[in-house]
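Below is one structure; the comments refer to it alone.
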Amino acid sequence: MATKVRRPSICLVLALIFIIFTVHQASGENDCYDQKDWVLDRCKHSIKKNKPYRILGERCRNAIKKSDLLCICSILTSQDETEISVEKLAQAASECGKALPSGTKCGSSVIDQWRHEKFKTASDRRSHEAMNMKE
């Protein structure tokens, strides 16, 4: 008789564990979308497509430092990419000490880390661009 009582309780425990992990994963995905919206909003002036890269503001730096950029990269849409530059997002991440690993798929792009490590700061990049404009 004891065996019959334990089976339903084991099934119940397994079902509860399954539900807990499913709910946690779903809430994690929502966090990622919230983080993406937060980073894109806080950094919009620096990572805007077809505009010059601007020095990162403190709000942008804080958003990047507190966000899961790999998760954000995994959910970037083609609509997002009409408004922001993935390359500028990767540069901003690098400047904040959260460089995306080379080969990371970010939206529809693949990150080439060498390009972003070459310029440690926005002023390094501007100096390089200014030198190229003179040539």
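Using mature numbering (1 follows the signal peptide of the UniProt record, and there is no 0), the letters of the sequence shown map in sequence onto residues -28 to -1, 1 to 107.
Yeah, the Cβ is synthetic: ideal placement off N, Cα and C, and Gly gets one too.
All figures in this text were calculated on a predicted structure; none of them were measured in a lab.
Counting the other CB atoms within 10 Å of its CB gives Lys21 a total below 16, which places it among the exposed residues. The Cβ atoms of Cys45 and Gly79 sit closer than 8 Å to each other.
Secondary structure of Cys78 (DSSP, three-state): strand.
Contact between Cys4 and Asp40 holds, with the beta-carbon distance rounding to 6 Å and staying under 8 Å. Beta bridge pairing from DSSP links Lys20 with Ile56. The residue among Ile56, Pro24, Ser66 and Glu30 with its C-alpha nearest the C-alpha of Asp9 is Ile56. Secondary structure of Tyr25 (DSSP, three-state): coil. Residue state for Ser50 is assigned as helix, using DSSP reduced to three classes. Annotated three-state conformation of Cys68 is coil, per DSSP. CA-CA distance, Leu12 to Ser50, rounds to 14 Å. When DSSP states are grouped into helix, strand and coil, Ile44 belongs to the helix group. The residue among Lys60, Arg14 and Ile36 with its C-alpha nearest the C-alpha of Lys70 is Ile36.
When only Cα atoms are considered, Leu61 and Arg26 end up about 11 Å apart. Nearest Cα to Ile19 within the set Val58, Gln7 and Ile47: Val58.
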